[in-house]
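Under our numbering, residues 80 to 518 are what the sequence shown spells out, in order. We treat Cβ as the ideally placed atom computed from N, Cα and C, and that holds for glycine. Please read all numbers here as calculations on a predicted model, not as lab measurements.
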Amino acid sequence: MKKQLLVTTTAILMALFTLNAQVVPTVYAEGFSGLIGINFDEEGNLWATEQGSGNDDARITIIAPDGTKTVFMTGLPSTYIQAAGETVGAHRTYQLPDNKVLIIVGEGSHPMSESLLIVDKSTFTPGTPLTLANVEQTIAHGAFIHAQGFVQSNPFNVTWDAEDNLFISDSGANSIVKWTKTTGEFSIVKTIDRFPNPLPFGPPMIDPVPTKVLAKPDGTFHVCQLTGFPFLEGAANVYDLDAAGNLSIHESGFTCLTDMSFDPNDGNLCVMQFGVFGPVDSTLNFILGTAAVIKLLPDGTRDTIAQGIGGLAPSFTFDEVGNLYVADLVFGQVLKYELVSSTGEAAIVQTSVTAYPNPATDQVTIAYELRQTAPVTVEIFDLTGRRVAQFNEGTQSPGVYQIRWNGTNGSGQKTDSGAYVYRLTAGRETTGGLLHMAH
């Protein structure tokens, strides 16, 4: 049974964009491979953790406030999990006191997989990334988990209590684990129970798959969950947990949660919906564009504060003034939502973006409208994520535009019949959709 967070690129791209954001995001940084975690440091740099391609090539990149990208560490464990058809590598990066950096590495076959690694960033020189040779301490989380009889271990996220003890969400072992700083000892705080699968397909019992444990001001914790296949809509919970292992539901009715954080301005809890799993073209897949950041309000209502994410989203973070940043796993981008300071209109008129005829036999037209002058690029991808066509339209003034694709690739050869994803980028804004060619 698939218990990992990640899905294959094919499954991801066999999906449909549904972009209807209240705040249109801009692209803060891009060009990442398997982007999972993002976190700010005290200097305002954003640390992006990439899982890699399964060839021990996970890495960490620092994005400066001016947009400059610097690779901090390379060669981190990255394993293709044959049974699940998924790649798992480095998940998250956290800043520690005394210039130390904590790196969470998920399930895998590398000796340093399923571990928490600590390096010293004061030894880092830009242009010369750190490697595993620079690891000063390895916290062997997976070895403890397997010794307890668990088949899988996939540490995904951590938090700290007031004594700097680590609490680890292990999505493979379905457990929250404590690592005591003073002794280096592990203990299981809580293993969350499986629950019955009401559908006629899939396993009889569904894994809870805890993806985030978050410390609360009162010394207890929140826990959120992805839930395993078939990723039921509305089946995920946000739990309350104390250090003694007492677990209760805080709020229910969520779908595939992968991250949590408190809004720095109002203190309300926000959660990350990775995406919705459902019917797409007679198959079941995660639906692109269904990722969202949802705020839980004190009166019990919920406010979706970020949509319009082109792909699927495993994590988010806030900057010091309250603007929101979301990691897009599919397109390798960090998207910025100016929730606090944005006053300008979006460049793209979202409701204007259409592809017709759809399906198309010989030629498809992609139409769009711009409110502002912006450089425009339209790209078309097949369902493996490979770009088959690109249109660089240059800088365009406000107005209505069209591009036409005749179903050929960059070499002029006809592409196969089937579904394709198109992506429109105007300046730093992006949107897109699904189209079908039937030659």
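Expected contact under 8 Å - CB spacing of residue i and residue j to nearest Å
i       : j       : result
Ala-294 : Thr-238 : 4 Å
Ile-388 : Val-405 : 6 Å
Thr-153 : Pro-208 : 5 Å
Thr-396 : Ser-340 : 6 Å
Gln-475 : Thr-452 : 7 Å
Ser-132 : Glu-193 : Not really, about 19 Å apart at Cβ, beyond 8 Å.
Asn-236 : Thr-290 : 6 Å
Leu-403 : Ile-384 : 7 Å
Endpoints, the alpha helix (DSSP H) within which residue i is located
i       : result
Ile-224 : 220 to 226
Exposure of residue i, with buried meaning 16 or more beta-carbon neighbours within 10 Å
i       : result
Pro-277 : exposed
Arg-502 : buried
Leu-391 : buried
Ala-226 : exposed
Glu-264 : exposed
Lys-260 : exposed
Ile-328 : exposed
Gly-251 : buried
Ala-222 : exposed
Arg-171 : buried
Pro-234 : buried
Glu-129 : buried
Ser-496 : exposed
Gly-228 : exposed
Thr-166 : buried
Asp-249 : buried
Ala-212 : exposed
Met-351 : buried
Leu-514 : buried
Ala-323 : exposed
Thr-380 : exposed
Pro-454 : exposed
Arg-138 : buried
Gln-101 : Any reading at Gln-101 must be qualified, since the residue scores a pLDDT of 49, below 50, and its modelled position is unreliable; the value itself is stated next. Gln-101 should be labelled exposed.
Ser-394 : buried
Gln-386 : buried
Asn-316 : buried
Spatial distance of residue i from residue j (CA atoms)
i       : j       : result
Gly-478 : Ala-370 : 29 Å
Gly-164 : Glu-109 : 25 Å
Val-302 : Asn-347 : 15 Å
Ala-468 : Phe-356 : 28 Å
Pro-296 : Glu-472 : 51 Å
Val-150 : Gly-491 : 36 Å
Ser-421 : Lys-493 : For Ser-421, the pLDDT reaches just 47, beneath the cut-off of 50, and the residue's location in the model is therefore unreliable, leaving the point undetermined.
Pro-279 : Phe-365 : 19 Å
Leu-175 : Asp-135 : 24 Å
Ile-267 : Gly-313 : 27 Å
Leu-408 : Thr-262 : 37 Å
Ile-197 : Ile-224 : 19 Å
Thr-140 : His-518 : 42 Å
Pro-282 : Gly-307 : 9 Å
Phe-310 : Arg-273 : 13 Å
Ile-255 : Asn-244 : 13 Å
Val-500 : Ala-439 : 14 Å
Val-413 : Tyr-107 : 5 Å
Pro-275 : Ile-285 : 6 Å
Thr-270 : Asn-253 : 6 Å
Asn-325 : Lys-374 : 24 Å
Asp-461 : Glu-508 : 21 Å
Asn-344 : Gly-489 : 48 Å
Gly-506 : Leu-305 : 33 Å
Thr-510 : Glu-215 : 43 Å
Lys-148 : Asn-124 : 10 Å
Terminal residues of the beta strand (DSSP E) in which residue i lies
i       : result
Leu-503 : 497 to 505
Phe-397 : 394 to 397
Ile-271 : Unbroken run through Ile-271: none, as it is neither H nor E.
Lys-179 : 179 to 184
Asp-342 : No beta strand (DSSP E) holds Asp-342; DSSP gives it neither H nor E.
His-515 : 508 to 516
Gln-412 : 412 to 416
Glu-312 : First-last for Glu-312: undefined, no H or E at that position.
Pro-104 : Counting along the chain, Pro-104 falls outside any beta strand (DSSP E), and DSSP gives it neither H nor E.
Leu-326 : 326 to 333
Arg-381 : 381 to 385
Glu-242 : Premise fails: Glu-242 is in no beta strand (DSSP E) and is neither H nor E.
Asp-120 : It is not in any beta strand (DSSP E) - Asp-120 carries neither H nor E in the DSSP assignment.
His-301 : 300 to 304
Thr-261 : No beta strand (DSSP E) holds Thr-261; DSSP gives it neither H nor E.
Met-351 : 348 to 352
Val-288 : Run containing Val-288: none; DSSP gives neither H nor E here.
Review point. Is there contact here, the region 175 to 191 with the region 158 to 166, by at least three beta-carbon pairs under 8 Å?
Key: yes
Practice item. Evaluate the contact criterion for the region 407 to 417 versus the region 430 to 441: three or more CB pairs, one atom per stretch, below 8 Å. Key: no
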